[in-house]
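Here the structure comes first, spelled out in structure tokens, and everything after it is commentary.
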Amino acid sequence: MKSDYVLSINQLAAFSKATEAGKRRIIKQQKQPNKFLVAWYQLPKARIKKTIANNCDLDPIFKGIEELRLRKPEKPRQILDRQVSIEALKRFVNIKLPKLLEDMPHDIIKKVPSKSIIIGGVEIIISPDVIYKLKLNDKVYIGAVKVHISKNNIFDNQQSRYISSLLYKYLKEVVALEGEEVLEELCLSIDVFGEKAIPTPYNLPKVLTDIEGICEEVKSIWNVA
1180 MKSDYVLSIN
1190 QLAAFSKATE
1200 AGKRRIIKQQ
1210 KQPNKFLVAW
1220 YQLPKARIKK
1230 TIANNCDLDP
1240 IFKGIEELRL
1250 RKPEKPRQIL
1260 DRQVSIEALK
1270 RFVNIKLPKL
1280 LEDMPHDIIK
1290 KVPSKSIIIG
1300 GVEIIISPDV
1310 IYKLKLNDKV
1320 YIGAVKVHIS
1330 KNNIFDNQQS
1340 RYISSLLYKY
1350 LKEVVALEGE
1360 EVLEELCLSI
1370 DVFGEKAIPT
1380 PYNLPKVLTD
1390 IEGICEEVKS
1400 IWNVA
């Protein structure tokens, strides 16, 4: 099932706190995406994903910092990317992740039926960075992580809770097999420059209701932007 209204999970979080002009800008960018847009901070993103997949072993992070230090970028964009990427990896080291991720062996789920869910007629692309499965007391649990790296657009706790709540709903509706449970504390919104990992909140139904309201606003702006 597809929708005429499509936003990524991070765009939805940004939209929720944007000014009116900012909201229109997000919708316009989504309606007319820039095909030549280059992805920033690919190395830190990849190293953070590897660390989480490997029971929070920080070795990929430290090796990533070393690799970036040895690079000799020439273009201004490459110089900035290198500088911010090093800072991002250093900040990630300060983020406290759940003990379960460190202590319990877990499998990584790579194939999923879909990368998005639909709320209130809006397709939200979730596309988690890591989805993991672990066994605890003879029960199988799953969780996921979404990583946000932006020095100029740090998500506040509310925005991060929107993301972790959507991760939970996505895993529950799309990924979890029969007999598997989604664990709230392992659905994490990681904001690297905010140095925080926010799990699914206790008031999940209220947060999902708030997200439905945001989706209604997305549609109303979409039709006039």
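Here the sequence shown is numbered in the working numbering, starting from 1180 and rising by one per residue.
Where is the CB? At the ideal position from N, CA and C, for every residue including glycine.
| Item | Value |
| --- | --- |
| Determine the contact status of Q1190 and Q1221, defining contact as a CB-CB distance below 8 Å. | no |
| Taking L1276 as the reference, which of I1231, K1312 and L1247 has the closest Cα? | I1231 |
| Roughly how many angstroms lie between the CA atoms of D1370 and E1357, to the nearest whole one? | 31 Å |
| According to DSSP, is G1392 helix, strand or coil? | helix |
| Can you list, in chain order, the residues of its chain with a C-beta nearer than 6 Å to that of C1394? Leave out the 5 residues immediately preceding and following it. | I1298, G1299 and V1301 |
| In the DSSP assignment, what residue or residues form a beta bridge with Y1349? | In the DSSP output, where bridge partners are listed per residue, Y1349 has none listed. |
| Could you pull the start and end residues of the alpha helix (DSSP H) that V1403 belongs to? | Element bounds for V1403: n/a, residue is neither H nor E. |
| First and last residue of the alpha helix (DSSP H) that includes A1225? | Q1221 to A1232 |
| Excluding sequence positions up to five away, which residues of its chain have a Cβ less than 8 Å from the Cβ of E1360? | K1318, V1319, Y1320 and I1321 |
| Is A1323 near L1350, with beta carbons less than 8 Å apart? | yes |
| In whole angstroms, what is the alpha-carbon distance linking V1236 and I1400? | A small fix is needed here, since residue 1236 is Asp in this sequence, not Val. Going by the C-alpha atoms only, they are around 43 Å apart. |
| Tell me whether the beta-carbon of E1374 lies closer than 8 Å to the beta-carbon of I1227. | no |
| What runs of the alpha helix (DSSP H), each 4 residues or longer, lie entirely inside the segment 1245–1284? | 1255–1272 and 1278–1282 |
| Identify which residue in A1192, Y1381, K1290 and D1183 has its Cα closest to the Cα of G1392. | A1192 |
| Can you tell me where the beta strand (DSSP E) with K1207 in it begins and where it stops? | Note, K1207: premise wrong, no beta strand (DSSP E); alpha helix (DSSP H) at E1199 to K1210. |
| What does a CB cutoff of less than 6 Å around S1306 pick up in its chain, not counting 5 residues either side in sequence? | K1294 |
| Anyone know if the C-beta pair for F1271 and K1330 falls short of 8 Å? | no |
| CB I1244 to CB L1259, shorter than 8 Å? | no |
| First and last residue of the alpha helix (DSSP H) that includes L1356? | No alpha helix (DSSP H) contains L1356, which DSSP labels as neither H nor E. |
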